[in-house]
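In the numbering used here, the protein residues as written are 287 to 904.
Ideal Cβ positions, reconstructed from N, Cα and C, are used throughout, including at glycine.
Quick notes on the structure that follows.
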Amino acid sequence: MKKLLLSLALVATSLASAQNNTSYWQQHVDYKMEVDMNVDNFQYTGSQELVYTNNSPDTLDRVFYHLYFNAFQPGSEMDVRSLTIKDPDRRVGDRISKLTEEEQGYLRVSSLDQNGNELSYEEVGTVLEVELDEPILPGEKATFNMEFEGQVPEQIRRSGRNSSEGVALSMSQWFPKMAEYDFEGWHAAPYIGREFHGVWGDFDVKLTIDKDYTVAASGYLQNPDEIGHGYSDKEVQAEGDTHTWHFVAPKVHDFTWAADPEYIHDKRTAEDGTVLHFFYKDNDEIKENWKNLQEKTEELLLFFNENIGPYPWDQYTVAQGGDGGMEYAMLTLITGERNFGSLVGVTAHELAHAWFQHLMATNESKHEWMDEGFTSYISSAAMNQVMETYAENPHTGSYRGYMQLANSGVEQPQTTQADRYNLNAAYGAAAYSKGAVFLAQLGYIIGKDNLDKTLKRYYDEWKFKHPTPNDFIRIAEKVSGAELDWYLNDWTRTTAKIDYGIKEVTEADENSTKVTLERHNLMPMPIDITVRYSNGEEEIIYIPLQMMRWEKPAEHENWTVAKDWAWAYPTYELNIDKPLSEIESIEIDESQLMADVKRDNNLYTAEEPSEEEEEGQE
Numbered sequence: 287m288k289k290l291l292l293s294l295a296l297v298a299t300s301l302a303s304a305q306n307n308t309s310y311w312q313q314h315v316d317y318k319m320e321v322d323m324n325v326d327n328f329q330y331t332g333s334q335e336l337v338y339t340n341n342s343p344d345t346l347d348r349v350f351y352h353l354y355f356n357a358f359q360p361g362s363e364m365d366v367r368s369l370t371i372k373d374p375d376r377r378v379g380d381r382i383s384k385l386t387e388e389e390q391g392y393l394r395v396s397s398l399d400q401n402g403n404e405l406s407y408e409e410v411g412t413v414l415e416v417e418l419d420e421p422i423l424p425g426e427k428a429t430f431n432m433e434f435e436g437q438v439p440e441q442i443r444r445s446g447r448n449s450s451e452g453v454a455l456s457m458s459q460w461f462p463k464m465a466e467y468d469f470e471g472w473h474a475a476p477y478i479g480r481e482f483h484g485v486w487g488d489f490d491v492k493l494t495i496d497k498d499y500t501v502a503a504s505g506y507l508q509n510p511d512e513i514g515h516g517y518s519d520k521e522v523q524a525e526g527d528t529h530t531w532h533f534v535a536p537k538v539h540d541f542t543w544a545a546d547p548e549y550i551h552d553k554r555t556a557e558d559g560t561v562l563h564f565f566y567k568d569n570d571e572i573k574e575n576w577k578n579l580q581e582k583t584e585e586l587l588l589f590f591n592e593n594i595g596p597y598p599w600d601q602y603t604v605a606q607g608g609d610g611g612m613e614y615a616m617l618t619l620i621t622g623e624r625n626f627g628s629l630v631g632v633t634a635h636e637l638a639h640a641w642f643q644h645l646m647a648t649n650e651s652k653h654e655w656m657d658e659g660f661t662s663y664i665s666s667a668a669m670n671q672v673m674e675t676y677a678e679n680p681h682t683g684s685y686r687g688y689m690q691l692a693n694s695g696v697e698q699p700q701t702t703q704a705d706r707y708n709l710n711a712a713y714g715a716a717a718y719s720k721g722a723v724f725l726a727q728l729g730y731i732i733g734k735d736n737l738d739k740t741l742k743r744y745y746d747e748w749k750f751k752h753p754t755p756n757d758f759i760r761i762a763e764k765v766s767g768a769e770l771d772w773y774l775n776d777w778t779r780t781t782a783k784i785d786y787g788i789k790e791v792t793e794a795d796e797n798s799t800k801v802t803l804e805r806h807n808l809m810p811m812p813i814d815i816t817v818r819y820s821n822g823e824e825e826i827i828y829i830p831l832q833m834m835r836w837e838k839p840a841e842h843e844n845w846t847v848a849k850d851w852a853w854a855y856p857t858y859e860l861n862i863d864k865p866l867s868e869i870e871s872i873e874i875d876e877s878q879l880m881a882d883v884k885r886d887n888n889l890y891t892a893e894e895p896s897e898e899e900e901e902g903q904e
């Protein structure tokens with residue numbers, strides 16, 4: 287009840303915030319589905335009632351549904367893209383092209399009506415194009431009733447049957463799913479290989495399946511005492527050959543499930559009241575890791591609660607399945623035959639997506655770097671604590687990944703649509719590594735304390751909504767007081783790089799030193815200069831970036847603010863009120879939180895005296 291009240295409070299706050307922003311609106315869906323799964327041939331039939339609320343200011347005369355399973359057919363866009371890209375995903379490769387009819391996936395709509403009136407529609411690859419019987423006016427609702435059938439493909443990418451680890455069913459994006467419509471219009475992109483964008487709503491799903499199968503799913507099981515399988519303490523004697531599982535999932539934008547006859551089902555109640563469910567194969571080689579994972583998952587959950595905001599649902603599920611790790615509403619599917627560190631690491635990443643995708647639900651096709659980058663940032667910080675490594679900078683891996691990309695010659699702007707990257711490797715580095723560096727480096731720009739406050743305010747203002755990059759950077763501006771449009775523009779919309787260097791260090795006079803700094807590339811940045819003196823003292827000289835119209839709060843007891851640096855000037859002269867002879871070293875960005883692509887010009891060290899000079903000093 288406590289978590290339910292919290293969830294309702296969060297929704298109320300979210301709606302109030304949306305009302306304050308008169309330009310923001312979002313659509314709403316309520317799904318009711320009944321599905322019958324045949325585990326012998328992996329085919330299923332389903333009925334769907336969808337109540338669609340048009341909260342937009344626009345009149346809608348057509349709608350689109352995603353039919354994701356159609357991607358797993360020879361000749362599909364996913365198949366052809368995998369065959370023609372230079373570095374195909376190894377999990378896909380040419381496998382789709384070789385699927386037999388019995389191994390392929392499909393989703394077919396056999397009937398569809400709007401408010402009882404039959405509709406005309408056309409299946410175009412992974413999208414169903416639907417002409418409406420009557421327009422849906424702003425503020426109006428329409429009820430769509432659909433009959434559909436599907437076939438689960440062999441496990442290739444995310445969804446499928448008979449995974450390499452023997453999981454029978456990984457059922458993500460398995461139903462005809464209404465496409466999102468927002469201030470940019472319809473988002474009915476074909477499914478080629480990247481991730482998903484959905485409409486917020488409530489799901490009520492009844493799944494009939496062989497009684498021996500244990501099901502993990504989004505939402506709350508409504509009939510545990512009829513089902514058993516670890517959901518109830520009661521012994522359940524099944525009548526007939528099947529069980530009908532009834533799940534309800536509130537305030538989500540997808541519904542996913544997995545099933546296997548050999549699942550072990552463990553439960554753990556976290557300190558905040560969240561019930562954690564774990565489903566994994568009855569395999570002696572992995573049991574110990576999966577048992578030990580459970581405590582770590584609770585620790586991760588509590589870390590994210592503290593550093594982002596409270597997890598609002600009453601449960602979260604980690605299930606063995608899929609082909610790697612992938613986040614879904616209230617649930618993640620991960621491959622389970624991993625070493626313990628990897629198992630915790632992938633769980634950390636996918637659990638973090640509960641916030642950065644399932645609470646702050648960015649459009650993953652357009653802003654993949656927000657989804658994956660923010661998740662990579664916070665999960666690395668969480669792993670640093672939970673696994674007790676306590677690295678000074680837990681994001682060094684992300685920086686390495688970005689540096690490789692920046693110096694590779696294949697980088698594309700982060701505004702590139704996710705499927706439009708020339709290389710999968712370039713997509714991965716841009717989304718995960720450069721996306722994480724965006725946040726870590728923002729901490730360098732505005733200060734770590736301001737970054738932490740920004741993430742929490744971002745949660746408060748944008749949970750249960752679809753934020754854009756501009757929405758996030760405006761939060762950072764409000765928290766810090768800095769002007770940051772330049773950072774969002776240059777980092778995400780261009781491939782401009784950061785490269786500052788020390789050009790020259792000379793004696794200005796007997797009591798001062800002149801340092802000439804140089805900007806070698808196009809990306810502007812404020813600069814932290816660490817100066818160490820021969821007497822053991824240390825000073826941080828902060829050079830503000832003029833266009834920020836702001837100064838970073840002091841981060842060192844010996845903190846000096848110099849005059850600001852306007853971007854158009856390629857060089858900058860810094861005066862240090864100490865003679866050159868008393869300076870041991872000068873370094874640009876000792877923290878290495880600024881993603882400078884060429885650091886060999888960032889450090890000046892005093893020359894060691896020659897033997898003759900040393901003898902003269904004796």
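For residue i, which residues in the same chain have their Cβ closer than 8 Å to its Cβ, ignoring the five residues on either side in sequence?
i	result
leucine 588	Ala556, Glu557, Asp558
Return the chain-ordered list of same chain residues with a C-beta closer than 6 Å to the C-beta of residue i, the five sequence neighbours on each side being excluded.
i	result
serine 666	Pro680, His681
tryptophan 599	Met616
asparagine 670	Ala677, Pro680
threonine 740	Ile761, Ala762, Val765
valine 522	Gly514
histidine 532	Lys492, Gln508, Asn509
Terminal residues of the continuous alpha helix (DSSP H) containing residue i?
i	result
arginine 760	755-766
glutamate 592	570-593
aspartate 909	The question about residue 909 has no answer here: the residues shown for the chain are numbered 287 through 904.
leucine 385	Where leucine 385 is concerned, there is no enclosing alpha helix (DSSP H), given that its DSSP letter is neither H nor E.
serine 665	654-672
threonine 792	Where threonine 792 is concerned, there is no enclosing alpha helix (DSSP H), although the beta strand (DSSP E) it sits in stretches over 786-795.
alanine 605	Per DSSP, alanine 605 belongs to no alpha helix (DSSP H); it is in the beta strand (DSSP E), 601-606.
Taking DSSP's pairing of strands, which residues face residue i in a bridge?
i	result
arginine 447	Glu440, Leu455
valine 337	Asp316, Thr429
isoleucine 813	Ile829
tyrosine 506	Val534
threonine 331	Asp322, Glu435
threonine 778	DSSP, once it has assigned bridges, lists no residue as partnering threonine 778.
histidine 352	Val413, Lys463
glycine 379	DSSP output for glycine 379 lists no bridge partner at all.
lysine 372	Paired residue(s): none; lysine 372 is not in a bridge.
threonine 494	Asp322, Thr530
Identify the continuous beta strand (DSSP E) that holds residue i and give its terminal residues.
i	result
threonine 846	845-847
glutamine 400	392-400
valine 561	561-567
asparagine 861	857-862
Could you have a look at residue i and say whether DSSP puts it in helix, strand or coil?
i	result
lysine 720	helix
glutamate 868	helix
methionine 646	strand
serine 362	coil
alanine 544	strand
methionine 612	strand
arginine 367	helix
tryptophan 851	strand
phenylalanine 489	strand
valine 883	coil
tryptophan 472	strand
glutamate 824	strand
serine 798	strand
glutamate 900	Any reading at glutamate 900 is ruled out, since the residue's pLDDT is 49, under 50, leaving its predicted position unreliable.
Less than 7 Å between C-beta atoms, sequence neighbours within five positions excluded: which residues of the same chain meet that for residue i?
i	result
arginine 805	Tyr786, Pro856
asparagine 887	Gly787, Ile788
asparagine 693	Val883
threonine 339	Gln313, His314, Lys427
proline 476	Glu363, Gly411, Thr412, Val413
tyrosine 905	Residue coverage of the chain in this structure runs from 287 to 904, which leaves residue 905 outside it and unanswerable.
Got a sec: does the ligand ATP put a non-hydrogen atom nearer than 7 Å to the Cβ of residue i?
i	result
aspartate 344	Ligands displayed in this structure: none; no statement on the ligand ATP is therefore possible.
Does the beta carbon of residue i come closer than 8 Å to any beta carbon on chain D?
i	result
glutamate 636	Looking at the structure shown, chain D is missing, and only one protein chain is on hand.
Should the segment 712-720 be called in touch with the segment 744-761, which here means at least 3 C-beta pairs below 8 Å?
Below 8 Å, too few C-beta pairs join the segment 712-720 and the segment 744-761 to call them touching: fewer than three.
Between the segment 322-329 and the segment 490-497, are three or more C-beta pairs nearer than 8 Å?
Contact annotation: the segment 322-329 touches the segment 490-497, with at least three C-beta pairs closer than 8 Å.
Could you tell me whether the segment 417-429 touches the segment 535-555, where touching means 3 or more Cβ pairs closer than 8 Å?
No: the two stretches stay apart, fewer than three of their Cβ pairs being nearer than 8 Å.
At least three beta-carbon pairs within less than 8 Å, the segment 440-450 to the segment 600-613
By the Cβ test, the segment 440-450 is in contact with the segment 600-613, since at least three Cβ pairs between them sit closer than 8 Å.
Is the number of C-beta pairs between the segment 414-423 and the segment 385-403 that are closer than 8 Å three or more?
With a cut-off of 8 Å, the segment 385-403 and the segment 414-423 count as touching, because enough Cβ pairs lie within range.
Okay, do the segment 349-366 and the segment 472-491 touch, 3+ Cβ pairs below 8 Å being the bar?
Taking 8 Å as the limit for Cβ pairs, the verdict is that the segment 472-491 does touch the segment 349-366.
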